[in-house]
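Chemist: In the numbering used here, the protein residues as written are 15 to 264. For glycine and all other residues, C-beta sits at the position ideal for the given N, C-alpha and C. Dumping the structure here so I can ask a few things about it.
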């Protein structure tokens, strides 16, 4: 990754593990001219993993920003008459009803199920948040949900799918009642994976309490949410909370 960093505008990779007291390696990759997020973070069991994680996160953002030259403006009805197009009704909108005759930007992708070309609304794919208001109505939420990188295409595809599964699972879990969410709690002492135990031990030594929730939905892919808490030294009686989540098929 390091030889490719400059081509993606990454100028610095830093070790920021010492900014907290936990000790789990954390790194940052800096892209000063980013059109979305200029500082990407990564973590790992050691510093090399953390730096790799930060670099890959920055790579995702770079590729998500470099799409404007591939935009094609067309109305859904016109484009669907000539090309294979994803159904806008199946996408997350911004609350505005989609207009099939509106001229909107599209970008060509590849359907992972059959390898065929398929056009999707550019709004849900690109992450160039400096772009000026396009001459078209906006119907979708722009963001990096499902944007992933990898050492090869298959790895990137799996990571992207897992991220979408994770976000969906967490959304469904959060929609439950407090009692229903609490019933999904996992006792950290039952976790026997060696790498997970290393992380849990680091939290314990730093005085952090950990809550883990099994948020997996009914599709059979594992998904978990984790919350760490620590008392505030500056504000007695207050608690700092930090949350994360993840999904993986294994």
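#1: Identify which residue in 31, 230 and 61 has its Cα closest to the Cα of residue 240.
#2: On a Cα-Cα basis, can you pick out the residue from 78, 172 and 208 that is closest to residue 261?
#3: Around the Cβ of residue 20, are there at least 16 other Cβ atoms within 10 angstroms (buried) or fewer (exposed)?
#4: Less than 8 angstroms between the beta carbons of residue 72 and residue 45, yes or no?
#5: Can you tell me which of the three DSSP states residue 35 falls into?
#6: Mind the definition here: the stretch 208-217 touches the stretch 27-47 only if three or more C-beta pairs lie below 8 angstroms; say whether that holds.
#7: At the 8 angstroms Cβ level, is residue 33 part of the contact set with chain C, yes or no?
#8: Any idea which residues DSSP pairs residue 26 with across the strands?
#9: Where does residue 262 fall in DSSP's three states?
#10: I need the DSSP call for residue 166, collapsed to helix, strand or coil.
#11: Within 10 angstroms of the Cβ of residue 183, are there 16 or more other Cβ atoms? Answer buried if so, exposed if not.
#12: Take residue 203 and list the residues in its own chain whose beta-carbon comes closer than 8 angstroms to its own, dropping the five residues that flank it on each side.
#13: Where does residue 169 land, buried or exposed, given buried means 16+ other C-beta within 10 angstroms?
#14: What's the call for residue 143, buried or exposed, on a 16-neighbour Cβ count within 10 Å?
Modeler: Working from what's here:
#1: 230
#2: 172
#3: exposed
#4: A Cβ-Cβ contact shorter than 8 angstroms links residue 72 with residue 45.
#5: Reduced to three states, the DSSP call for residue 35 is coil.
#6: In short, these stretches touch, since the Cβ pair count reaches three.
#7: No chain C is present in this structure, which holds just one protein chain.
#8: Answer by DSSP bridge pairing, in chain order: 44.
#9: strand
#10: coil
#11: buried
#12: none
#13: Burial call: exposed.
#14: exposed
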